[in-house]
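So that you can map any letter, position 61 of the sequence shown is 1276 in the working numbering, and since no number is skipped, the others follow by simple counting.
Heads up, the beta-carbon is just placed ideally off N, CA and C, and yes, glycines get one too.
These notes concern the structure reproduced below.
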Amino acid sequence: MGGNMTHHLYLYSEVNDEVVEDLIREIHAINEEFLDKADEVYNYVNSQINKGTIQYTGDLFLENPKDEEILLHINSGGGYVSSGLALINVIKSSEIPINTIVDGQCLSMAFIIFICGNYRCCYKSSTFMHHPTSYMLS
C-alpha cells in the first residue's frame, strides 16, 4: 500500500478543546485516507479473483502493514483533563498506530497522552511531570 508513511502531528501548546479538536480532525482524516486505500486494494484484489487473474487462497484481510504510522510530537505543559481524555480515546481507537515522542517538556495531562502512545520515546533532555489528576463532574 505504498511504502513507509509517517504522518507528523504536533501537540506544542496547552491541552485544550481547540488544540485537541484540531488534532482529532487530523487523526480522523489520516485514518479515513488509510481506510479508503485499504478499500481500493480490497476491491482490486476481489476483482482480480472474480476475473480468475489470481486465485483465492483463504480469507482476504487487510490491516496496516506497519508501514504507516502517526507520530505525535509533544512539547506541552499540560492542560484540561476533559480535552486530554477526548484525544486519548481517539489515539486508542485509531486504525493507524499513533506513536508519541517528547521533543521537550511533557507535563501533567500531556504526560497521560504520551503514555497512551503505541510506542513512546523521548530525548535525553526531555522533561516529564506527572501528578494526580482532578476532574469534576457536574
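query                                                                                                                                               : result
Can you list, in chain order, the residues of its chain whose CB lies under 8 Å from that of N1279, leaving out five sequence neighbours each side? : At N1279 the pLDDT is 49, less than 50, meaning the model places this residue with poor confidence; the figure from the coordinates comes in the next sentence. Taken in chain order, the residues that qualify are F1249, E1310, I1311 and P1312.
Need the endpoints of the beta strand (DSSP E) that V1317 sits in, please.                                                                          : I1313 to L1322
Which class does E1310 belong to by DSSP, given the choice of helix, strand or coil?                                                                : coil
Distance check for S1341 and G1217, CA to CA, integer angstroms please.                                                                             : Confidence at G1217 is low in this model, with a pLDDT of 45, below 50, so the placement of that residue should be treated as unreliable; the coordinate-derived value is given next. Near 33 Å, if we compare the C-alpha coordinates of S1341 and G1217.
Would you mind sorting I1289 into buried or exposed? The rule is 16 or more other CB atoms within 10 Å of its CB.                                   : buried
With S1298 and V1230 assumed to form a contact (beta carbons below 8 Å), what rounded beta-carbon distance in angstroms separates them?             : 5 Å
Helix, strand or coil: which one does DSSP assign to H1346?                                                                                         : coil
Which value, in whole angstroms, describes the spacing of the CA atoms of V1235 and L1322?                                                          : 16 Å
Pull up the CB-CB distance for I1245 and H1222, whole angstroms please, since I reckon it's below 8 Å.                                              : 5 Å
What residue range does the beta strand (DSSP E) around N1290 cover?                                                                                : E1283 to S1291
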